[in-house]
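J.: Just passing along the structure, written as structure tokens.
Number of protein chains: 2
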Amino acid sequence: MPAFRETLPMILNVTLDGVMPVYRELFARHALTEQQWRILRVLWAEGAVTTTHLSRQTLLPAPSLVGILDRLEKRGLVTRQRSDHDRRKVHVTATDAGLTLHSQVMPALERIHAAVTNAINPAEWQAMQDALAKITNTISDQTLDDLLAEPETT
Amino acid sequence: MPAFRETLPMILNVTLDGVMPVYRELFARHALTEQQWRILRVLWAEGAVTTTHLSRQTLLPAPSLVGILDRLEKRGLVTRQRSDHDRRKVHVTATDAGLTLHSQVMPALERIHAAVTNAINPAEWQAMQDALAKITNTISDQTLDDLLAEPETT
DNA sequence: TCTTGTTAATTAATATGTGAAATAATCATA
DNA sequence: TATGATTATTTCACATATTAATTAACAAGA
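Protein chains in written order, with the working numbering: chain L, 27 to 180; chain F, 27 to 180.
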């Protein structure tokens with residue numbers, strides 16, 4: 027067993043703690059939280075989407091979406107509308123104000139992303155992405171009892 | 027600019043969303059939250075530590091620690107004591123119950139960690155860790171204005 | 001000693017995460 | 001077509017995150 031800091035959750039959280047402040051500073055300049063930004067970004071790319079779809083794309087839990095969308099709607103950045111075909115569903119759309127805001131943030135966001143990706147070379151980036159995807163695919167569909175039942179591999 | 031899902035924050039969050047549920051299931055079996063576990067893990071390794079130190083090691087924000095430690099203390103897993111030399115400081119220590127709990131969780135935690143690391147080979151693991159560390163070191167000490175002032179590198 | 005600056009911990013206000021349960025609408029089918 | 005199963009969203013209760021502002025204690029210097 028490695029040191030606490032060498033475990034995957036801490037490796038990932040240390041990285042997030044290192045990079046997110048600069049993203050948050052950008053969002054804060056437009057009075058947006060990170061989560062609000064994620065939602066706008068999906069709406070901008072996909073138009074009207076259902077709450078469930080939004081939850082999956084943004085990784086934001088459905089119960090959290092309720093409040094986040096409330097606040098975005100109150101600020102006039104998004105609108106919600108019940109589906110006519112399936113009245114269980116709610117369609118979320120960005121308003122013009124929401125779309126405008128998006129285009130104001132993108133240039134700076136691209137600068138941040140460039141700085142992040144340029145910290146390593148493209149091959150390293152791809153390898154990192156592949157490694158994390160491989161881990162996710164291996165673990166995400168397993169339950170704790172699955173893992174505890176497996177014979178030791180190390 | 028890549029797709030939303032190809033950006034670093036989302037890559038990291040997708041991975042965390044994929045692996046954390048199995049960790050949380052383990053912690054839940056001992057009535058612990060992930061944050062409470064982080065604290066116990068540090069206390070087990072280091073003995074009595076100050077709140078600030080605990081915040082740095084666990085990545086938990088100091089304001090959050092107040093409540094988390096309150097609940098751990100109420101359950102008799104940790105104790106808090108003002109420092110005599112510097113009465114601003116508070117020393118946190120795990121009780122015997124806290125230490126016992128730790129040894130009960132470790133075996134299963136090692137199984138999870140083994141499954142995670144075995145998803146990729148050691149070289150890939152090291153490369154992933156190095157890549158993320160390099161990104162963190164490059165970005166974490168920069169402010170947004172620093173990044174926006176830099177000439178385009180891409 | 002008084003002032004000024006700094007550090008450690010906490011409080012406050014707001015936003016979000018997590019897990020379980022509730023609600024309402026749709027679906028499958030006997 | 002009534003009924004049980006499923007889906008989409010929301011509510012609830014509790015725990016944590018984020019940022020700014022306090023409070024108390026220490027530290028250095030006029």
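Using N, Cα and C, we set each Cβ at its ideal position, and we do this for glycine too.
Keep in mind it's a predicted model, so treat the numbers as computed, not measured.
Check whether the segment 123-136 of chain F touches the segment 53-71 of chain F, taking contact to mean three or more Cβ pairs, one atom from each stretch, closer than 8 Å.
T.: Counting Cβ pairs under 8 Å, three or more are found: they touch.
J.: Would you say E136 of chain L faces chain F, with C-beta separation under 7 Å as the test?
T.: Closer than 7 Å to some Cβ of chain F, the Cβ of E136 of chain L qualifies, so yes.
J.: For a contact meaning CB atoms closer than 7 Å, what does R67 of chain F contact in chain L?
T.: The contacting residues are F30.
J.: What are the start and end residues of each continuous beta strand (DSSP E) run of 3 or more residues lying completely inside the segment 94-134 of chain L, in chain order?
T.: Taking only runs of at least 3 residues, the beta strand (DSSP E) segments lying wholly in the segment 94-134 of chain L are 104-108 and 116-120.
J.: Do the CB positions of T41 of chain F and L158 of chain L come within less than 7 Å of each other?
T.: In this structure, L158 of chain L lies closer than 7 Å to T41 of chain F by Cβ.
J.: Give the single residue among L:G73, L:A74 and L:L91 whose Cα lies nearest to the Cα of S81 of chain L.
T.: Of the candidates L:G73, L:A74 and L:L91, the one whose C-alpha sits nearest the C-alpha of S81 of chain L is L:L91.
J.: Is there a Cβ from chain L that is less than 7 Å from the Cβ of N147 of chain F?
T.: Taking Cβ atoms only, chain L never reaches closer than 7 Å to N147 of chain F, which makes this a no.
J.: How do the segment 140-147 of chain F and the segment 141-161 of chain L stand: do at least 3 beta-carbon pairs fall below 8 Å, yes or no?
T.: As far as the Cβ criterion goes, the segment 140-147 of chain F touches the segment 141-161 of chain L, which means the pair count is three or higher.
J.: What separation, rounded to the nearest whole angstrom, lies between the Cα atoms of R67 of chain F and D110 of chain L?
T.: So the two alpha carbons sit approximately 52 Å from each other.
J.: Taking Cβ positions only, does H94 of chain F come closer than 7 Å to chain L?
T.: Correcting the residue type first, residue 94 of chain F is Ile in the shown sequence and not His. No, I94 of chain F does not count as interfacial toward chain L.
J.: Which whole runs of the alpha helix (DSSP H) in the segment 27-84 of chain F are 4 residues long or more, in chain order?
T.: Segments of the alpha helix (DSSP H) lying fully in the segment 27-84 of chain F: 34-54, 60-72 and 77-84.
J.: In the DSSP assignment, find the alpha helix (DSSP H) that holds I146 of chain F and state where it starts and stops.
T.: I146 of chain F -> no alpha helix (DSSP H), and no H or E assigned at all.
J.: Would you give the residue range spanned by the alpha helix (DSSP H) that L86 of chain L belongs to?
T.: Neither: L86 of chain L is in no alpha helix (DSSP H) and is coded neither H nor E.
J.: Since D172 of chain L is in the alpha helix (DSSP H), which residue starts that stretch and which ends it?
T.: D172 of chain L -> alpha helix (DSSP H) spans L170 to A175.
J.: Round the Cβ separation of L174 of chain L and R137 of chain F to the nearest angstrom and send it over; I've been treating them as touching at under 8 Å.
T.: Contact holds; Cβ gap of about 6 Å.
J.: Are the beta-carbon atoms of K115 of chain L and T76 of chain L separated by less than 7 Å?
T.: The answer is yes: Cβ separation under 7 Å.
J.: Between the beta-carbon of A74 of chain F and the beta-carbon of G102 of chain F, is there less than 7 Å?
T.: No, they are not a contact pair.
J.: Shorter than 7 Å from the beta carbon of S129 of chain F to some beta carbon of chain L?
T.: Closer than 7 Å: no.
J.: Using three-state DSSP, classify D167 of chain F as helix, strand or coil.
T.: In the structure shown, D167 of chain F sits in coil (DSSP, three-state: anything other than H, G, I, E or B).
J.: Quick one: is M27 of chain F buried, meaning 16 or more other Cβ sit within 10 Å of its Cβ, or exposed?
T.: M27 of chain F comes out exposed.
J.: Run the CB neighbour count on Q107 of chain F, radius 10 Å, all protein chains shown included, and call it buried at 16 or more, exposed below.
T.: It is exposed - the Cβ of Q107 of chain F has fewer than 16 other Cβ atoms within 10 Å.
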